[in-house]
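Note that our numbering has the sequence shown beginning at 85, numbered continuously upward.
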Amino acid sequence: MGEIVMEKKYEIVTATIREWITGGRYQIEDKLPTESELMSQFQVSRHTVRKSLSDLEVQGFIYRIQGGGSFVADYKHNANRSEAHTKTVAVLTTHITDYIFPAIISGIESQLSANAISMLLSSTQNDETLERKNLEKFLDDDIQGVIVEPTKSAFTIQNEAFYKRFTDAHIPILTIDAKSNNETIPYFIMDDFKGGVMAAQALIDAGHEHILGVFKSDDQQGILRMNGFSEALQKSQGSIRGEVLLYQSETGEAKLKQQITHILQETDPPTGIVGYNDQIALVAYNAARAAGLQVPDDVSLVGFDNSLLASRLGIRLTSINHPKSRMGQDAAELMIKMLQDPLHDFSEEAKIYPPEMVTGDSVRPVLGAHDQASGE
85 MGEIVMEKKY EIVTATIREW ITGGRYQIED KLPTESELMS QFQVSRHTVR KSLSDLEVQG
145 FIYRIQGGGS FVADYKHNAN RSEAHTKTVA VLTTHITDYI FPAIISGIES QLSANAISML
205 LSSTQNDETL ERKNLEKFLD DDIQGVIVEP TKSAFTIQNE AFYKRFTDAH IPILTIDAKS
265 NNETIPYFIM DDFKGGVMAA QALIDAGHEH ILGVFKSDDQ QGILRMNGFS EALQKSQGSI
325 RGEVLLYQSE TGEAKLKQQI THILQETDPP TGIVGYNDQI ALVAYNAARA AGLQVPDDVS
385 LVGFDNSLLA SRLGIRLTSI NHPKSRMGQD AAELMIKMLQ DPLHDFSEEA KIYPPEMVTG
445 DSVRPVLGAH DQASGE
């Protein structure tokens with residue numbers, strides 16, 4: 085019921101100000117009431133007022149001066165202003181220049197720029213406080229749309245209330261790589277659970293009977309990949325022994341390498357390792373070398389994301405592919421549709437990408453494993 089009231093108020097504010105202008109109450113170059121005055125007059129939130137003013141600006145009825153207010157535009161000679169007006173979409177990811185993020189961001193930017201939409205890029209470093217500050221700034225700066233990768237998404241998303249402020253104000257918002265708890269927000273994610281199953285199965289099929297999974301526990305992707313990994317081991321024929329090592333965003337690579345090295349130096353170490361992503365597979369590779377082991381002769385590796393890192397090990401890493409640029413393009417395409425019709429519910433256009441195994445040279449069959457199994 086609250087959304088309907090919000091929508092009616094938004095329409096009333098927009099229509100009333102437009103009538104003030106076309107009816108002659110305010111002439112060209114006249115200054116309109118301040119946001120606070122409009123909030124008081126219509127008894128609505130600041131975001132409702134800003135949404136109305138933004139739409140009136142797009143339609144060519146007003147123009148705004150930073151810190152100076154809103155003014156009546158020469159709308160009679162500016163009928164095409166809505167087409168010429170440049171919208172801005174904020175893109176907020178955990179990282180920008182690292183790992184697979186440049187490819188995702190490039191996919192987003194290519195679609196937005198092709199439609200004359202500018203992009204404001206920010207990162208959170210997977211820090212909830214930084215995410216909140218960015219979202220607050222987007223609201224203050226009157227951004228027209230937001231594409232966000234939720235921070236520490238395995239937990240209750242701390243800034244979920246800020247996501248809701250965008251949806252309440254009919255400012256398009258969607259997520260990538262993780263879901264929001266708000267079911268009205270579209271998302272673009274991998275099927276991480278199935279990917280976890282596939283990664284573990286690759287090692288099971290190669291005859292590995294003791295497998296280590298190293299997963300990030302503060303992101304949705306890590307939890308889902310771990311759950312898929314665990315299910316594959318539970319459903320496997322025979323006695324497959326699984327081991328899980330969890331870490332969080334704050335865990336340094338040096339500490340993680342030390343932990344994996346210690347596990348590999350045990351009396352009966354795992355012969356196969358699934359990494360949360362290719363970065364962790366690289367850490368595991370270095371840990372194996374520190375333990376005096378060779379990949380894949382002594383220990384096999386499977387990563388996630390099929391990133392450029394997959395080719396930096398001296399061998400080709402077997403890895404689950406991430407759609408990267410394709411995901412970015414798809415997210416941007418939906419954002420463009422949402423900008424064109426901000427009151428429409430686009431939640432049904434969420435997309436889940438099926439995992440795809442990219443086979444490299446980092447998995448080697450355990451000699452005699454299948455023969456021993458069949459002999460029993």
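Positions of the beta carbon are idealized from the N, C-alpha and C atoms, including for glycine.
According to DSSP, residue pairing for SER207 in a beta bridge involves THR177. Across the set LYS300, ALA416, LEU348, HIS428, the C-alpha of ALA416 shows the shortest separation from the C-alpha of PHE272. Shown here, ASP224 sits in a helix according to DSSP, grouped into three states.
ARG400 counts as exposed, since fewer than 16 other C-beta atoms from the protein chains shown sit within 10 angstroms of its C-beta. Just so you know, the alpha carbons of LEU219 and PHE246 end up roughly 7 Å apart. Sequence-distant Cβ neighbours of ALA238 in its own chain, meaning closer than 7 Å and more than five residues away, are SER301, ASP302, ASP303, GLN304, GLY306, ILE307.
The three-state secondary structure of SER120, taken from DSSP, is helix. Using a C-beta cut-off of 8 Å, the segment 228 to 236 makes contact with the segment 170 to 177, since at least three inter-stretch Cβ pairs fall below that distance. Proximity to GLY359 across GLN321, GLY398, ALA286 peaks at ALA286, based on C-alpha coordinates. Here the C-alpha atom of ARG448 lies approximately 47 Å from the C-alpha atom of ASN199.
Cβ contact annotation for HIS131 (same chain, cutoff 8 Å, sequence separation greater than five): LEU223, ARG249, ASP252, ALA253, ILE255, in chain order. Between ILE295 and PRO354, the CB-CB gap stays under 8 Å.
As computed with DSSP, ARG396 is found in no beta bridge at all. Leaving aside the five residues that flank VAL367 on each side, the residues in its chain whose CB is nearer than 6 Å to its CB run, in chain order, GLU337, LEU340, LYS341. Check the Cα spacing between PHE299 and each of LYS319, PHE277, GLY291, ASP289: the tightest is with PHE277. Around the beta-carbon of LYS421, fewer than 16 other beta-carbon atoms lie within 10 Å, marking it exposed.
Looking from the CA of ILE364, the closest CA among GLY322, HIS292, LYS263, TYR183 belongs to TYR183. With a beta-carbon spacing of about 11 Å, ASN311 and GLY279 fall beyond the 8 Å limit used to define contacts.
The continuous stretches of alpha helix (DSSP H) do not include SER237, and DSSP gives it neither H nor E. Here the alpha carbon of ASN266 sits roughly 35 Å from the alpha carbon of ILE357. Secondary structure of THR132 (DSSP, three-state): helix. Contact check for ALA434 against PRO270 passes: the beta carbons are separated by less than 8 Å.
Judged by DSSP secondary structure, GLY326 falls within the beta strand (DSSP E) whose first and last residues are 325 to 331. When DSSP states are grouped into helix, strand and coil, THR251 belongs to the helix group.
Distance from the CA atom of GLY297 to the CA atom of THR178, rounded to whole angstroms, is 23 Å. With a threshold of 16 other beta carbon atoms within 10 Å, ASP289 falls short and is exposed. SER320 sits in coil when the DSSP states are folded into three classes, being neither helix nor strand.
Each residue's CA atom was taken as its position, placing GLY412 and GLN111 some 43 Å apart. Between the segment 145 to 158 and the segment 102 to 116, the count of C-beta pairs closer than 8 Å reaches three or more; the two stretches touch. Around the beta-carbon of LEU451, fewer than 16 other beta-carbon atoms lie within 10 Å, marking it exposed.
Apart from the 5 residues on each side of it in sequence, ALA371 sits with its Cβ closer than 7 Å to the Cβ of LYS341, ILE344, THR345, LEU348 in its chain, given in chain order. If you draw a 10 Å sphere on the C-beta of ASP362, you find 16 or more other C-beta atoms in it, and that means buried. Rounded to whole angstroms, the separation of the alpha carbons of GLU212 and LEU385 is 32 Å. Counting the other Cβ atoms within 10 Å of the Cβ of LEU137 gives 16 or more, which makes it buried. With 16 or more neighbouring CB atoms inside 10 Å of its own CB, GLN195 falls in the buried class.
Note on GLY444: 16 or more other CB atoms within 10 angstroms of its CB, so buried under the neighbour-count rule.
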